[in-house]
Structures are given as structure tokens and as C-alpha cells.
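Residue numbers (my numbering): 11 to 693. Don't be surprised by glycine CBs; every beta carbon is placed ideally from N, CA and C. Here the structure comes first, spelled out in C-alpha cells, and everything after it is commentary.
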């Protein structure tokens with residue numbers, strides 16, 4: 011919604027040049043009429059590219075005729091139709107062949123055509139009065155570089171004046187501090203470089219063609235990439251490329267936005283080719299919100315697509331992990347070994363001379379994935395303690411082809427201890443066989459790794475384990491610490507029921523503010539409704555705000571939030587993640603968006619530091635099971651530590667009984683109205 015308001019206000023600023031604004035709107039209406047005539051009206055309204063390019067083309071046309079005569083109106087209408095046709099064609103070609111956005115390329119192409127055609131259209135060049143420019147009342151008070159910046163911003167709406175540009179600058183600053191800083195830095199950097207090349211920095215600052223610099227800086231620094239130090243460096247080099255193109259075009263062709271378009275296309279295409287990771291998947295209301303969502307998601311969810319469950323029951327210990335000190339080296343570096351230890355950390359009882367002295371010997375080994383058994387070796391003998399098999403390093407093993415396309419190997423089974431056969435289908439947790447001491451194994455243990463192919467000795471690849479507990483802390487994904495006990499945390503049906511929200515259900519609450527004096531006002535009530543998004547994601551709605559929720563990998567998640575409703579925000583903070591497993595006193599950690607916790611200058615500081623040092627300004631949350639139904643939490647920002655305590659009480663039928671965040675409590679109440687539709691589907 012803020013982006014819509016920004017566009018509307020920038021459009022209003024364009025009316026400081028009324029003829030240009032009127033011509034632009036007429037061109038947009040003509041383009042839309044053509045789209046409706048061809049049956050493309052709905053798509054036209056959904057994409058800003060059609061409106062933006064038509065608007066710029068129409069406003070540019072006024073350069074050829076100072077006022078809208080009857081003939082000029084017809085000419086602008088033709089340009090509107092042409093802008094739609096070119097935009098639609100360019101959008102299709104750029105996306106299909108290059109996976110690129112259309113940007114302002116249609117504007118550049120049609121404007122160049124108009125520039126080459128104008129000398130022959132003498133009927134449109136009847137001398138008339140020019141619009142009277144508003145007095146530049148701030149010119150004497152602004153430094154040259156900032157005055158030039160304002161003029162360049164004003165040139166975007168064909169009003170290259172300080173007054174217009176300053177209004178647009180304030181609108182950008184209100185919308186996004188990151189975009190404003192990028193625009194200002196991009197303009198200054200580009201103008202200084204151009205000034206050095208032309209030996210006239212003042213003239214470079216006064217040349218409003220510098221709007222290409224600031225557009226490029228915003229697009230590559232935060233528009234099409236995640237704001238970060240790396241993206242800022244990319245934006246700087248892109249601005250430098252703009253300078254070279256503008257210098258090459260000087261006195262030959264009008265630049266329009268050609269430098270911005272061509273440089274942005276080249277950079278985006280290269281980023282696509284190299285798989286640049288800092289590209290937004292979910293785009294929020296402004297770059298700050300997009301960056302925050304990216305940072306939270308990248309820390310909450312496994313960055314490695316290869317995930318496994320632990321291959322055993324009960325509590326075992328990590329004997330050797332990635333890059334282990336003994337055998338996990340070279341192509342086999344990404345592997346884990348597990349053993350069972352006693353309270354003293356020993357892996358055996360008695361004297362440890364017999365295989366049967368070892369706690370994990372003959373214990374069950376489980377499938378860590380779902381897939382098909384591709385290879386089984388079952389006949390290697392279990393070597394006695396003190397000897398190893400130097401020929402068949404893995405001894406008895408099972409190789410499973412995971413449904414996601416990779417291969418998982420579990421090794422050192424007991425002789426004839428494997429109870430699955432080649433071609434068998436296994437699910438997560440299926441019994442595979444018994445732990446042994448075959449192969450190059452100095453003592454009984456489970457060896458597990460993931461490889462990219464089925465070949466013996468294939469290179470191992472990085473993976474993560476899901477849903478495990480170490481030292482009474484739950485981990486959705488990660489790598490268990492070496493020499494530490496670790497146990498499974500498999501999802502329990504009870505907590506699946508607890509986090510099942512039926513469509514069309516309503517949850518009503520009474521709002522209690524403990525900071526207010528009793529009797530200050532009548533109790534406030536709020537109600538959440540369960541709905542489904544177009545991509546089938548379940549969300550809770552309250553007013554215009556939405557809280558997206560779901561289950562995956564053994565946990566319940568609040569994915570993200572759209573809008574600013576304070577009560578949905580409370581639910582997000584009180585329960586961003588819930589393990590679908592219970593253990594008394596179990597704790598877990600999470601990351602929540604700082605914007606949900608901080609306000610004022612604190613929020614501003616974090617939003618500006620997030621692109622540069624996100625690890626120092628993140629907001630951590632720690633939660634604890636007080637009982638089956640009660641979860642408490644403490645939330646604090648790493649830089650601006652101001653702890654916020656939370657509490658939530660759950661119920662398998664009513665779902666949420668109580669939420670407390672800080673001094674505000676939501677207590678379950680009767681719904682405002684009965685739901686009309688029968689609940690149809692759960693999460």
C-alpha cells in the first residue's frame with residue numbers, strides 16, 4: 011500500500027509541469043484502451059511496467075509541442091497504443107529468453123523513434139507559450155551537489171527543478187531510507203566521475219541526465235537485489251558504467267534512460283548466470299522489509315537442501331563430524347559417525363575387548379530419508395576390536411536413493427544384520443538393520459554420509475540433520491556437536507492437532523493492557539480469521555494484516571507477516587516456531603524481525619545497519635516449554651538489548667487460550683459471530 015501511495019504522490023508532483031502530466035495521463039489511457047480492446051486489460055492493471063512506460067512516453071512527447079492541440083492529442087494517443095505494443099512484446103522476449111524485467115526499455119525505444127521522427131512533423135511544432143517555471147526558492151541555500159540531485163530527481167517526471175526534485179526526494183526518504191541513501195550516493199558518485207572525465211565537476215552536478223545514476227544505484231543496490239554491502243559495491247560499478255555510456259552518447263543521441271536500462275540488464279543477466287544468492291524471492295513493501303524477511307528466513311530455514319533425520323532411536327553421541335580428525339577427509343569429508351556412551355563418556359562397558367562390550371553394537375539403525383534401496387552389502391565379517399578391514403572400508407552398507415535425487419550411505423552394519431533388500435522402498439524411520447563393526451571400523455558405530463552419485467567412492471556433499479535435541483535444546487536443523495549426546499525429536503500427532511487451523515474458523519480475544527489503570531476504558535476485542543492464500547498457504551487475518559503460518563520439517567512456523575496489526579504481531583512474537591515434540595523444559599531459539607520489536611530511532615538504526623552488519627543487529631528469541639500447553643519466551647535485539655517477555659497458552663480444540671507480550675494480554679473470548687461456512691481444510 012505504501013508503494014501505491016508513493017506512486018500517487020510522485021504522479022501528483024508531475025503536475026508541477028501540467029502539460030507534461032496531462033500528456034502522460036492521456037498516453038496511459040490510450041495504452042489501456044488498446045489493452046482492453048485486445049482483451050489484456052486485467053494484466054495491464056496488474057503490472058506497473060505498462061503504466062510507467064506509457065506515462066514517460068507521453069510526458070516526453072510534450073517536448074515537441076508545448077501544449078495539447080487537437081493534432082497533438084491524436085499523436086499522443088498513437089504513442090500510447092505503440093507503448094503498449096512495445097511493452098508487451100519486450101516483456102515477453104526479455105522474460106522468455108533472458109529472465110529479465112522490462113524496466114524502461116519500451117520508453118527508450120519509442121522515445122528514440124519519436125526523436126528521429128520529430129524533425130519531419132512540422133505540424134506539431136507550432137510556436138506557443140512555454141509553461142512558467144516556479145521560482146527556485148531553495149537554490150541559494152542548497153549545496154551544488156544536492157541541488158543537482160534534486161534536479162535529476164525532478165527530471166524523472168520531466169520537471170528538472172529543485173522544487174520538484176526535493177518533493178520526490180522527501181517521498182523516497184519516507185518510503186525507504188535505503189533507497190534514498192542509494193539514490194543520493196549513486197548521483198554523487200556518478201557526477202564526480204563524469205566531472206573528472208570532463209574536467210568540470212560543477213557542470214556534471216548541474217546535468218540532470220544524472221538521473222540515470224540514481225536509478226541504477228537504486229535498482230541494483232536494493233530494487234532487484236537484497237540490500238547488502240556486496241549489492242552496494244555492485245551498484246557503484248554499475249553507476250561507473252553509466253558514466254561511460256553517457257559520455258559516449260554525448261552530442262550524438264539523447265540518453266533518456268538508455269544507460270540505466272542497458273547497464274541494469276547486463277548486471278541482472280550476469281547475476282542470473284552466476285546464481286547470485288542475494289536476489290529477493292519474497293518482495294515486501296520496501297527494501298528494508300524485504301531485507302529483513304530475507305535475513306530472518308535465511309537463518310530460520312536450512313540453507314542446505316539436503317536434510318536427514320537421525321538414523322537411530324534414543325540418545326547417541328557424535329563420535330566424528332565433518333572434517334573429522336581421523337577418517338573424514340578429502341572426498342569423504344562430509345560424514346558423521348555416531349556411538350552410544352555412558353555417563354562417563356565411555357563407549358563400552360567391562361574391558362572393551364569384546365564387540366558385545368560396546369553399547370551400540372547390535373542396536374537398530376533407521377532410515378534417515380524416504381527413498382529406494384539401491385545397493386546392499388551384507389556379508390562382511392565384524393572384525394574384533396584391534397583390527398580393521400583395509401580392503402572394504404565401508405564393510406556392510408545400505409545405499410538409498412532419496413526421492414530428492416541424491417544418495418545416502420549408511421555403513422558398518424553387523425554381518426548379515428541388514429534386513430532390507432535392493433529395490434525395497436523405505437520411509438523415514440524404517441528399520442534397516444543392526445549396528446556392527448564391519449569394514450574400516452576400530453569399534454562399532456554408525457557411519458552416514460550423502461553423495462551426489464551411486465558410485466563407490468563418490469564425493470560426499472553437505473547435509474544437515476533435522477529435529478534433534480542436544481542439552482535439552484531443540485534444533486529444527488543443524489549439525490550436532492562432536493562428543494555431545496544427541497537424540498531425536500520426532501513430530502508427535504498431539505502437536506500436529508494443536509497447530510491445525512481450520513479454514514473459516516474465527517478466534518476472538520479480549521485485549522487487556524496491564525499498563526492501563528483499571529476502569530480506564532471498556533475492554534477492547536479483536537478477532538482472527540483463518541483463510542487461504544492463492545498459493546494454498548494458510549494465514550490468519552485481522553483487518554488488512556495477514557500472518558502466514560504452516561508446518562514443515564517437524565515444526566510449526568509463522569512464515570511472515572503482511573501489515574501492521576499489533577495483535578497479529580503479538581502472536582508472531584509469542585510463537586514464531588513450535589517444535590511438534592514435547593519434553594519438559596525443552597528450549598529452542600529463533601530469529602524474529604526487528605521491526606516487530608523496535609520502534610523509533612532504534613528501528614531506524616537497525617534498518618540502516620542491516621545491509622552492512624546484520625549479524626550484530628539481529629533480534630534473538632528464546633522459548634521454553636513450561637508445560638504441554640504453556641510456552642514462555644524472551645526476545646532481545648543483539649545491539650539494542652531491551653528484553654521483551656512473552657507467554658502463550660495453547661489448547662488442542664480452542665488453539666489459543668492466551669497470549670501475553672510485554673504489558674498486553676489477549677485472552678480468548680466468545681467469537682463476535684458464528685462462522686457461516688463449515689471448516690473445510692487444515693494446514
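- Straight across, the Cα-Cα distance linking residue 270 with residue 161 is about 17 Å.
- Close CB contacts of residue 278 within its chain, under the 7 Å cut and outside five residues either way in sequence, are with 110 and 234 (chain order).
- Secondary structure note for residue 97: its alpha helix (DSSP H) is the uninterrupted segment 80 to 108.
- Annotated three-state conformation of residue 283 is helix, per DSSP.
- The segment 302 to 313 and the segment 354 to 368 do not touch, with fewer than 3 CB-CB distances between them shorter than 8 Å.
- If you draw a straight line from the Cα of residue 351 to the Cα of residue 370, it comes to about 8 Å.
- Contact between residue 479 and residue 464 fails: their C-beta atoms lie close to 33 Å from each other, not under 8 Å.
- The DSSP-derived three-state label of residue 613 is helix.
- Proximity to residue 221 across 119, 165 and 445 peaks at 165, based on C-alpha coordinates.
- Residue burial annotation: residue 482 is exposed, with fewer than 16 other C-beta atoms found within 10 angstroms of its C-beta.
- Look at residue 410 here: in three-state DSSP terms it is strand.
- Residue 489 is positioned such that its CB atom lies no closer than 9 Å to that of residue 362.
- In this structure residue 120 is in contact with residue 92, their Cβ atoms being roughly 6 Å apart against a cut-off of 8 Å.
- Around the Cβ of residue 298, a 10 Å sphere holds 16 or more other Cβ atoms; the residue is buried.
- One alpha carbon belongs to residue 399, the other to residue 340, and they sit about 20 Å apart.
- The segment 420 to 433 makes no contact with the segment 465 to 476; the number of CB pairs closer than 8 Å stays below 3.
- With a cutoff of 9 Å on beta-carbon distance, residue 517 and residue 678 are scored as near each other.
- DSSP, read as helix, strand or coil, puts residue 235 in coil.
- Going by DSSP, residue 457 is part of the beta strand (DSSP E) stretching over 456 to 461.
- In the DSSP assignment, residue 197 falls within the unbroken alpha helix (DSSP H) covering 187 to 208.
- Residue 675 sits away from residue 546, with the two beta carbons spaced by 9 Å or more.
- Looking only at 570, 447, 320 and 668, the smallest Cα-Cα distance to residue 295 is reached by 570.
- DSSP places residue 126 in the helix class (H, G or I) of the three-state scheme.
- Here residue 326 really is in contact with residue 496; their C-beta atoms are around 6 Å apart, less than 8 Å.
- If you draw a straight line from the Cα of residue 180 to the Cα of residue 379, it is about 54 Å long.
- Sequence-distant Cβ neighbours of residue 187 in its own chain, meaning closer than 8 Å and more than five residues away, are 298, 614, 617 and 618.
- Annotation: residue 209 to residue 229 spans about 28 Å, alpha carbon to alpha carbon.
- Of the candidates 583, 584, 254 and 588, the residue whose Cα lies closest to the Cα of residue 561 is 588.
- With respect to residue 64, residue 97 sits close: the two C-beta atoms are nearer than 9 Å.
- Residue 623 places its beta carbon 9 Å or farther from that of residue 604.
- For residue 508, the closest of 456, 567, 514 and 459 by C-alpha to C-alpha distance is 567.
- Comparing alpha-carbon positions, the option among 189, 191 and 216 lying closest to residue 201 turns out to be 216.
- Note that the C-beta distance between residue 243 and residue 255 is not below 9 Å.
- Residue 404 places its beta carbon 9 Å or farther from that of residue 391.
- Taking residue 293 as reference, the option from 572, 680 and 642 with the minimal CA-CA separation is 572.
- When the five nearest sequence neighbours on each side are left out, the beta carbons in the same chain lying within less than 6 Å of the beta carbon of residue 158 are those of 215 and 216, in order along the chain.
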